[in-house]
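When we follow this note's numbering, the leftmost residue of the sequence shown carries the number 41, and every step to the right adds one.
The beta carbon of each residue, even a glycine, is placed where N, CA and C say it ideally should be.
One structure is given here, and the rest of the page talks about it.
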Amino acid sequence: MAPKGNIEWLPNLQILTTALREGRIFSMFPELDPRGVDEHHARIPFLGTTIMVPTGPVVLSHVSGAPMVPLTLRAVGDGRFRLKYHPAIPPPVSPGERRRSLLAVWDVIESELLAGDVGEWEMWFEFDRMLPQVWAIES
């Protein structure tokens, strides 16, 4: 993990913003920040409480001028998934719009969790089932 204040990530940000400005796409998990909670997080309402969430996706949308398009996966069985593209969230241009954009992303996450079956949101269980038995380690 890079120390706070380290800007080693800057070239990556430039690569991402250039790609987005060229009309390319990429996917990122909005809830994951390997650095932990820091000044790049905001407290939002979620599932009846409040949580700290990374602001990176919104910052990237703002800097690049590219919209965010929430995408969710739903298991349909036999290791297959259905992708659902949600309406695009326009890139924010002001502090108030950045907050609204962040809330819009998490509104999608919350509504998908509430609409699904308990535990369905955790896709790693599905991926584990697809591993060949060769990978099983006996204890």
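Own chain partners of residue i with C-beta closer than 6 Å, once the 5 adjacent residues on each side are dropped
i, result
"R122", "R114 and V116"
"L60", "S104 and A106"
"E152", "T112"
"S134", "none"
Spatial distance of residue i from residue j (CA atoms)
i, j, result
"M92", "D147", "14 Å"
"E62", "Q54", "12 Å"
"M41", "T89", "Note that M41 scores a pLDDT of 38, beneath 50, so its modelled location is shaky; the value from the coordinates is reported in the next line. Looking at the two C-alpha atoms, the distance is approximately 29 Å."
"K44", "M68", "Annotation note: pLDDT 45 at K44 (below 50); position unreliable, coordinate value reported separately. Going by the C-alpha atoms only, they are around 21 Å apart."
"I84", "D118", "36 Å"
"T58", "R64", "9 Å"
"H81", "R120", "33 Å"
"V184", "G136", "Residue 184 is absent from the model: the chain starts at 41 and stops at 179."
Residue i vs residue j beta-carbon contact at 8 Å
i, j, result
"H102", "R138", "yes"
"P94", "P70", "yes"
"L143", "K124", "no"
"E150", "F86", "yes"
"G96", "D78", "no"
Beta-carbon separation (whole angstroms), residue i vs residue j, contact threshold 8 Å
i, j, result
"A128", "V109", "5 Å"
"L100", "L154", "In fact, because the Cβ distance is near 27 Å, the residues do not count as touching under 8 Å."
Cβ shell of residue i (< 8 Å), same chain only, five flanking positions each side left out
i, result
"R1", "Only positions 41 to 179 of the chain appear in this structure, which leaves residue 1 out of reach."
"G156", "R114"
"H126", "V109, P110, L111, T112 and V148"
"N52", "none"
Residue i: CB within 7 Å of a non-hydrogen atom of the ligand PLP
i, result
"S141", "The model depicted lacks the ligand PLP and carries no ligand whatsoever."
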